[in-house]
Amino acid sequence: MELIKPEIGLIFWMTLAFGIVFIILAKVAFPIIGKALKKREEKITEALELAERTHEEMRQLQADNEKILQEAHEERDKILTEARATRDKILEDAKAKATEETNRIVDSAKETIENERKAALTEIKNEIANISIKVAEKILERELNSDKAQLDYIESIIKETENNK
Amino acid sequence: MKNRHIIISISFLMCFFFGINTYSYANGAADGSEKTETEESFNAGEMIFEHILDSYQWHILTWKGKHVAVNLPIIIYNEGHLYAFSSKHFQHSDTYSVTENGSGNEVVFSIPKEGKYKGKVVIIKGDEQVRPIDISITKNVLGLLISCTLLVTLFLIVANAYKKRGEKAPKGLQSLFEMLFVYVRDDIARKSIDEKHADRYTPYLITVFFFIFINNLLGLIPFFPFGANITGNIAVTAVLAAFTFVITNVFGSKEYFKDVFNTPGVPIFLKLPIPLMPIIEFVGCLTKPLVLAIRLFANITAGHIVVLGFISMIFILGQMGAAWGAGASVLSLIFIIFVDVLELLVAYIQAYVFTLLSALYFGLACKEHHHG
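So the sequences go chain by chain: S and G. Heads up, the final residue of the first sequence is numbered 165 in our numbering, and it's a clean run with no missing numbers. Heads up, the final residue of the second sequence is numbered 537 in our numbering, and it's a clean run with no missing numbers.
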């Protein structure tokens, strides 16, 4: 069975060849490759860490921004509330003042009207007195003629006054 | 998709080549050496073994009855003398004589066609055939040297790429090698061996992985200067296994040797009058690398035999008639393509298994804390 009988020559060459290949690869090729791989690994790790850090910073920044925004919102709301209160107060005051003014005007108008009325009444009284006096004067003038005439006359005068009125 | 195309086309080419080779060989044998015209039929077993086994010639093809082959140098060491001559001297005659410089003795070399040393160089002394120390550059040795050169060249190219590209992402060949390199380092070595010791074994494991993988792949290419059955040769796998065995034991920790020769937790009567357990454990140490060698050898050889068997079928059936041959060739081709694709998978798996098991043995041998 030649198939399963190792030949000394091939064993010799195989040992030699494999040994040389092993030494060349282990001494020359593998250190270069291993070092390059390690360097790249480190670089990738670094890059990943940097990315992580940047991400964290970004998140921090975002959080800060949000906080600032929140604060700004609150501030705005406060200002708005205050402004609304002020406006309401001003309106209230204005209304109150307006009412007061109206009342005052109405009061004074009423007073004026009262005064006018009183003045008019006085004038009417005076007029009535004058008319009465005139009537009396006319009556007295006609007394002498007759009773009947007198009465007619009074009648006409009253009518006249009524018409004049 | 692209890779699949390449694999299929390689398989096609492979079948094509084997076809030509064996066909002409059948003819060549008939009108060449035999001359009797009785051995017209195609001998599948001979053809397969011609491919699987080593030889002093690298037969490339036979064209119109003429062999095209590379005659490789024969190097013989015998009784303090080193002889080196080309194997072409055996092409036309059965013996080759060399006169020694000092004593003037004539040494007669021959390659017997029959007997115990069939196909091997022997020295004829009277009636006896003596097998000297034969370190010829045979087909397998040349194939081995070619694949080793290729492996070293590829690794130097890759290392150069790392130097040049610095920390940039890998590209082309570099990324293929990096993938396998990192895989062996991280998933085989570092997972099987204690973290402290893993890096000590990694160079060997990576070398073994790439060595087996590249030789397996080159063994599938049917063209000269590839296609030598290197990892399917027991001597090659035995040397690889011996390396693993030596490294396992040289770097073995005290606990490991204690486990072997004085296994804890085993009753004393299994150790003392007859050292039963130590013998079993010691045999276990030897069988591990032996199994490594045989597994790789058997898997690769079996793959080659199956492919060659299907090819032989074309010619065996072809002798029954042209129609039979045509039918068989279509059927065989389908099977050959299937087996070749399977062999690509086996090429990787066997490299992986050898490396992984080596790593596991290293891991067992260098662990320091005994559990249990």
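Here a beta-carbon is modelled for each residue, glycine too, at the ideal position from N, C-alpha and C. Fair warning: this is a prediction, and the values are worked out from it, not measured in the lab.
Using the Cα positions of A191 of chain G and P6 of chain S, report the straight-line distance between them to the nearest angstrom.
For the purposes of this step, residue 191 of chain G is taken as residue 26 along the second sequence, with counting starting at 1. For the purposes of this step, residue 6 of chain S is taken as residue 6 along the first sequence, with counting starting at 1. In this predicted model, A191 of chain G has a pLDDT of only 39, less than 50, meaning its place in the structure is not dependable enough to derive any value.
Measure from the C-beta of I23 of chain S to each C-beta in chain G and report whether the shortest distance is under 7 angstroms.
By one-based count along the first sequence, residue 23 of chain S stands at place 23. No - not a single Cβ of chain G is within 7 angstroms of the one on I23 of chain S.
Using beta carbons (cut-off 7 angstroms, strictly below), is S340 of chain G in contact with chain S?
For the purposes of this step, residue 340 of chain G is identified with residue 175 of the second sequence, where counting begins at 1. It does not: the Cβ of S340 of chain G has no partner Cβ on chain S nearer than 7 angstroms.
Taking only the alpha-carbon atoms, compute the straight-line gap between V166 of chain S and D147 of chain S and give it to the nearest angstrom.
Residue 166 of chain S lies beyond the residue range present for chain S, which begins at 1 and ends at 165; the question has no answer from this structure.
Among G:I300, G:G490, G:T314, G:E508, the one whose alpha carbon lies nearest that of G384 of chain G
Within the second sequence, numbered from 1, the residue matching residue 384 of chain G stands at position 219. Ranking G:I300, G:G490, G:T314, G:E508 by Cα distance to G384 of chain G puts G:E508 first.
Does any residue of chain S have a CB that is nearer than 7 angstroms to the CB of E332 of chain G?
Reading the second sequence from its first residue, position 167 is the one you call residue 332 of chain G. It does: the Cβ of E332 of chain G has a partner Cβ on chain S nearer than 7 angstroms.
DSSP-derived helix/strand/coil call for L248 of chain G
The residue given as residue 248 of chain G occupies position 83 in the second sequence. Residue identity differs from the one stated: residue 248 of chain G is Tyr in this sequence, not Leu. Three-state DSSP puts Y248 of chain G in a strand.
S189 of chain G by DSSP, collapsed to three states: which one?
Taking the first residue of the second sequence as 1, we reach residue 189 of chain G at position 24. Its pLDDT being 37, under 50, S189 of chain G is placed unreliably in this model, and the coordinates cannot settle the point.
Could you have a look at A120 of chain S and say whether DSSP puts it in helix, strand or coil?
Residue numbering aside, residue 120 of chain S sits at position 120 when the first sequence is read from its first letter. A120 of chain S falls in the helix class under three-state DSSP.
Figure out for me which residue from G:L315, G:Y248, G:L370, G:I379 has the closest Cα to the Cα of F408 of chain G.
Start at 1 with the first residue of the second sequence, and residue 408 of chain G comes out as number 243. The option with the nearest alpha carbon to F408 of chain G is G:L370.
Establish whether the CB of C531 of chain G and some CB of chain S are separated by less than 7 angstroms.
On the second sequence, position 366 is the one that residue 531 of chain G refers to. By this cut-off, C531 of chain G is not an interface position.
Relative to the C-alpha of F389 of chain G, which candidate in G:E332, G:N236, G:G210, G:D359 has its C-alpha closest?
Residue 389 of chain G sits at position 224 when you count from the first residue of the second sequence. Residue G:N236 is the option with its Cα nearest to F389 of chain G.
Taking Cβ-Cβ distances shorter than 9 angstroms, what residues in chain S pair up with F545 of chain G?
With chain G running from 166 to 537 in the structure shown, residue 545 of chain G is simply not present.
For A17 of chain S, does the count of other Cβ atoms within 10 angstroms reach 16, so buried, or fall short, so exposed?
Numbered from 1 along the first sequence, position 17 holds the residue referred to as residue 17 of chain S. Burial call: buried.
Give a yes or no on whether 7 angstroms exceeds the smallest Cβ distance from P368 of chain G to chain S.
Locating residue 368 of chain G in the second sequence gives position 203, counting from the first residue. A Cβ of chain S is located within less than 7 angstroms of the beta carbon of P368 of chain G.
Expressed to the nearest angstrom, what Euclidean distance is found between the alpha-carbon atoms of F376 of chain G and C313 of chain G?
By one-based count along the second sequence, residue 376 of chain G stands at place 211. By one-based count along the second sequence, residue 313 of chain G stands at place 148. Cα-Cα distance, rounded: 8 angstroms.
S494 of chain G versus G:V511, G:G474, G:Y513, residue with shortest Cα-Cα distance
On the second sequence, position 329 is the one that residue 494 of chain G refers to. When only C-alpha atoms are compared, the closest one is G:G474.
Compare the Cα-Cα distances from A491 of chain G to each of G:V471, G:F480, G:I501 and report the closest residue.
To locate residue 491 of chain G, count along the second sequence from 1; it is residue 326. With distances taken between Cα atoms, A491 of chain G lies closest to G:F480.
Determine the extent of the beta strand (DSSP E) in which T260 of chain G is found, giving its start and end residues.
Position 95 of the second sequence holds residue 260 of chain G. Element bounds for T260 of chain G: 260-264.
Give the secondary structure of F274 of chain G by DSSP, where H, G and I count as helix, E and B as strand, and everything else as coil.
Taking the first residue of the second sequence as position 1, residue 274 of chain G is located at position 109. Strand at F274 of chain G.
Using only alpha-carbon positions, find the residue among G:H216, G:S220, G:K356, G:H224 that is nearest to I276 of chain G.
Within the second sequence, residue 276 of chain G is the residue found at index 111, counting from 1. With distances taken between Cα atoms, I276 of chain G lies closest to G:S220.
Indicate the three-state DSSP secondary structure (helix, strand or coil) for Y366 of chain G in the structure shown.
Here residue 366 of chain G corresponds to residue number 201 of the second sequence, with the count starting at 1. Y366 of chain G: helix per DSSP, three-state reduction.
Is it right to say W223 of chain G is buried, meaning 16 or more other beta carbons lie within 10 angstroms of its own, or is it exposed?
To locate residue 223 of chain G, count along the second sequence from 1; it is residue 58. Label assigned to W223 of chain G: buried.
Could I get the ranges of all uninterrupted beta strand (DSSP E) runs contained in the region 500-525 of chain G, with 3 residues as the minimum, in chain order?
Runs of the beta strand (DSSP E) lying entirely within the region 500-525 of chain G, each at least 3 residues long, are absent.
I'd like the list of long-range same chain contacts for A354 of chain G, defined as Cβ closer than 7 angstroms, with 5 residues on each side in sequence excluded.
For the purposes of this step, residue 354 of chain G is taken as the residue at position 189 of the second sequence. Excluding sequence neighbours, A354 of chain G sits near A363, Y366, T367, L370, A524.
Under 7 angstroms Cβ-Cβ, which residues of chain S neighbour N305 of chain G?
Numbered from 1 along the second sequence, position 140 holds the residue referred to as residue 305 of chain G. Taking the beta carbon of N305 of chain G as reference, the chain S residues within 7 angstroms of it are L10, listed in sequence order.
At what residues does the alpha helix (DSSP H) containing K419 of chain G begin and finish?
Translated into positions along the second sequence, residue 419 of chain G becomes position 254. Segment 419-426, the alpha helix (DSSP H) holding K419 of chain G.
Cutoff 8 angstroms; reference T260 of chain G; Cβ partners in own chain excluding five residues on either side:
Indexing the second sequence from 1 puts residue 260 of chain G at position 95. Excluding residues within five positions, the ones whose Cβ falls inside 8 angstroms are V273, F274, S275, I289.
Given a threshold of 16 other Cβ atoms within 10 Å of its Cβ, counted over all protein chains shown, does W228 of chain G qualify as buried or as exposed?
Along the second sequence, read from residue 1 onward, the residue named residue 228 of chain G stands at position 63. W228 of chain G comes out exposed.
Hey, would you say T402 of chain G sits closer than 7 angstroms to A326 of chain G, going by beta carbons?
As a working mapping, residue 402 of chain G is identified with position 237 in the second sequence. As a working mapping, residue 326 of chain G is identified with position 161 in the second sequence. No, they are not a contact pair.
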